[in-house]
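Asker:
There are 2 protein chains.
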Amino acid sequence: MYSYKEKYGEYLSLFNARLEKFYADTRCEPRVLDESIKYSLKSGGKRFRPVLMLASAELLGVEAGVIEDYALALELIHTYSLIHDDLPEMDNDDYRRGKPSNHKVYGAGNAVLAGDGLLNTAYYLLFERCADGKQHVDAAKFMCGCAGVTGMIAGQSADLYCAESGERDADMLDFIVKNKTGRLISAAAAVPAILSGGKYFLELKQFGEDLGRLFQLTDDVLDEEGKFEELGKTAGKDREENKLTYVTFYGVEQCRVFADILLSKCLGLLDGIDGDTSFLRDMVNFVRYREG
Amino acid sequence: MYSYKEKYGEYLSLFNARLEKFYADTRCEPRVLDESIKYSLKSGGKRFRPVLMLASAELLGVEAGVIEDYALALELIHTYSLIHDDLPEMDNDDYRRGKPSNHKVYGAGNAVLAGDGLLNTAYYLLFERCADGKQHVDAAKFMCGCAGVTGMIAGQSADLYCAESGERDADMLDFIVKNKTGRLISAAAAVPAILSGGKYFLELKQFGEDLGRLFQLTDDVLDEEGKFEELGKTAGKDREENKLTYVTFYGVEQCRVFADILLSKCLGLLDGIDGDTSFLRDMVNFVRYREG
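Those protein sequences? They're chains A and B, same order as listed.
For the first sequence, position 94 (counting from the first letter as 1) is numbered 85 according to this note's numbering, and the numbering increases by one without interruption.
For the second sequence, position 276 (counting from the first letter as 1) is numbered 267 according to this note's numbering, and the numbering increases by one without interruption.
1) Check whether the Cβ of Gly98 of chain B lies closer than 8 Å to any Cβ atom in chain A.
2) Alpha carbon to alpha carbon, how far is Tyr71 of chain A from Ala181 of chain B? Give it in angstroms, no decimals.
3) Are the Cβ atoms of Asn170 of chain A and Met143 of chain A separated by less than 8 Å?
4) Excluding the 5 residues preceding and the 5 following Gly266 of chain B in the sequence, name in chain order all residues of the same chain whose CB lies nearer than 8 Å to its CB.
5) Considering Cα atoms alone, identify which of A:Arg38, A:Lys37, A:Arg18 and A:Phe39 is closest to Thr29 of chain A.
6) Would you list, in chain order, the members of the region 141 to 160 of chain A that have their beta-carbon closer than 7 Å to a beta-carbon of chain B?
7) Looking only at its chain, what residues have a beta carbon closer than 8 Å to the beta carbon of Asp229 of chain B, apart from the 5 residues adjacent to it on each side?
8) Could you work out which residue in B:Ala46, B:Gln147 and B:Glu282 is closest to Tyr61 of chain B when comparing CA atoms only?
9) Note down, in chain order, every chain A residue with its Cβ under 9 Å from the Cβ of Leu78 of chain B.
10) Nearest chain A C-beta to Leu24 of chain B closer than 8 Å, yes or no?
11) Once DSSP output is grouped into helix, strand and coil, what is the label at Lys12 of chain A?
12) Find the residues of chain B that neighbour Pro183 of chain A, judging by a C-beta separation of less than 8 Å, and give them in chain order.
13) With distances taken between CB atoms, is the gap from Gly136 of chain B to Tyr115 of chain A smaller than 8 Å?
14) Along chain A, which residues have their Cβ under 8 Å away from the Cβ of His75 of chain B?
15) Mind pulling the alpha helix (DSSP H) runs of 4 or more residues that sit fully within the region -4 to 44 of chain A?
16) For a test of the three-state rule: what should DSSP assign to Arg281 of chain B, helix, strand or coil?
17) What's the C-alpha gap between Glu231 of chain B and Lys90 of chain A?
18) In chain A, which residues lie with their C-beta within 9 Å of the C-beta of Ala64 of chain B?
19) Determine, using beta-carbon pairs with one atom in the region 255 to 271 of chain B and one in the region 273 to 282 of chain A, whether at least three such pairs fall under 8 Å.
20) Which of helix, strand or coil does DSSP assign to Lys190 of chain A?
21) Return no unless some Cβ of chain A is closer than 8 Å to the Cβ of Tyr(-5) of chain B.
22) Quick one: which unbroken alpha helix (DSSP H) runs of 4-plus residues sit fully inside the region 55 to 87 of chain B? Chain order, please.
23) Within 8 Å (strictly less), CB to CB, does Thr236 of chain A reach chain B?
24) Which of the three DSSP states, helix, strand or coil, is assigned to Lys132 of chain A?
25) Which complete alpha helix (DSSP H) runs does the region 145 to 209 of chain B hold, if anything under 4 residues is left out?
26) So is Ala180 of chain B in contact with chain A if we call contact Cβ pairs under 8 Å?
27) Which two residues bound the contiguous alpha helix (DSSP H) that contains Leu254 of chain A?
28) Should Asp76 of chain A be labelled buried (16 or more other beta-carbon atoms within 10 Å of its own) or exposed?
29) Please state the DSSP three-state secondary structure of Lys125 of chain B.
30) Measure the CB-CB distance between Leu202 of chain B and Ala250 of chain B and report whether it falls below 8 Å.
31) With 8 Å as the threshold, decide whether the Cβ of Lys132 of chain A is near any Cβ in chain B.
32) In the DSSP assignment, the alpha helix (DSSP H) including Glu231 of chain A goes from what residue to what residue?
33) Who are the near neighbours of Tyr241 of chain B in its chain, counting only those whose CB is closer than 8 Å to its CB and skipping five residues on each side?
34) What separation, rounded to the nearest whole angstrom, lies between the Cα atoms of Lys125 of chain B and Gly139 of chain B?
35) Could you please give me the residues that DSSP links to Lys90 of chain A through a beta bridge?
36) Check each candidate in A:Asp16, A:Ala130 and A:Glu80 and name the one with the smallest Cα separation from Met44 of chain A.
Written out as structure tokens, the structure reads:
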């Protein structure tokens, strides 16, 4: 009998096993570099992106042994972006997932290098896979594009620009969310499609972007209303700092309407895909109705 | 009639043409991301690493049209590392190549992202080349290893550790120089060997590491003795900040002895390589006797 929670646990175990292997294989010098990298990786939360990638891979028949390196690389990239985002010169967040952020433990200099190191290591894993043929090269390139200056970094830069300039603009907000949050989640959904020959690539790419928007919407609402214990970071911070978010721009009520529209859009995209999409459907619902 | 200066100029023109194409092809949003990335790239100095790579490629018969993307990626990686190195939480350098450093112009947050963006873009270029076959995958992976947590980043981390802890140790100094400076220069020399089938790979890898050591030695001496105008950065800073360098550890006189040993070692390695190595020989001599 299928259970979302159990299935999530299975994907998570699979990912955690790959992560444990990574910890064992990777010993960098000096020790502070090794420790600071592993500190942030180990305080990882729900592993949403890798789990989504593993689920999308299973749906499309891509083997776990093939996709797990991409899932790991994606989580390394996500973790690097959080470390750099939390830096004093960026979001200046003292907590991440309920624990002191990387720079609070190791200092900002080491945190910059831990982030750089994670990004580099992610790409090293992908270069290793590139030896397996063209589809792997395409998948790696797509992931790199999602993370880079036409993807996540562009979103981070626009976010910082709005925070510094005070500019408020619906298009800019959409640009930030699509790139900063949407692109890596889109990569999680769509990379398996590249590896399995391209079928459903466009559907899953769009699905990931919309799921990313939904994820950010509910995150913004949680920031406004959530408790610190559930969120693992400081609540109400966005409003206090006058950040440009869905909530500070549209208000909570409008956000709920948007969330329902995005929920329908995501489920509609899954309707167009053959195979058992129940886990992905439940994932969308979870993101819509999550409380932490 | 061969002239080192003219030949250097030829390689430089070739590289600058590739760089101009990159500027034209690359337009990131928001504008501050585009500008901050190009600001640091455009204030590039002698393009030592790309020129070395082009020269090594010509020696081994690797076409300029093939190697130029690697040379560009290498310069992007080098430039990212300088931006992050100059940050207040790292070396805290206000000047780089005679101009205000990236964070002095754009702020530390944007400088972090400019660095991240350059690193990502370098790997995007390399993933594009990976489609051309196994030797390209090997070359890209080697470059990534030189830049990452078992290469340059390890050196940066050890450098920061020594600055913060005050630890002084000959092995640590060698580790820092080998990784922070040596590995990218080694990549410049050895990537053409991978692309041309592997011959002379070990020789050129070692040549690059030793040339990197020599480069760092003369850099340290220039920091101690050089004038700001020649160096383009603040002179005497290493000593003032009690940084662990060849000069602060061994003193200038001993450094001159080491420099001569490294000079011989580099020239000896070139003796073992067939073909016209005159440019590489002159490059070694230039690094040994440079004044800026």
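Glycine included, every Cβ here is placed at the ideal spot set by N, Cα and C.
Answerer: By the coordinates alone:
1) yes
2) 29 Å
3) yes
4) Leu50 and Leu51
5) The sequence shown places Lys at residue 29 of chain A, rather than the Thr named in the question. When each option's Cα is compared against that of Lys29 of chain A, the closest is A:Arg18.
6) Thr141, Ile144, Ala145, Gln147, Ser148, Ala149, Leu151 and Tyr152
7) Asp211, Asp214, Glu215, Thr236, Val238 and Thr239
8) B:Ala46
9) Glu80, Ala99, Gly100 and Val103
10) yes
11) helix
12) Here the premise fails: no neighbours, minimum Cβ distance about 18 Å.
13) yes
14) Val103, Leu104 and Asp107
15) 22 to 33
16) coil
17) 37 Å
18) Chain A residues near Ala64 of chain B: none, gap ~11 Å exceeds 9 Å.
19) no
20) coil
21) no
22) 55 to 77
23) no
24) helix
25) 161 to 167 and 174 to 186
26) no
27) Val243 to Asp262
28) buried
29) helix
30) no
31) yes
32) Lys228 to Glu231
33) Phe249
34) 21 Å
35) A:Arg87
36) A:Ala130
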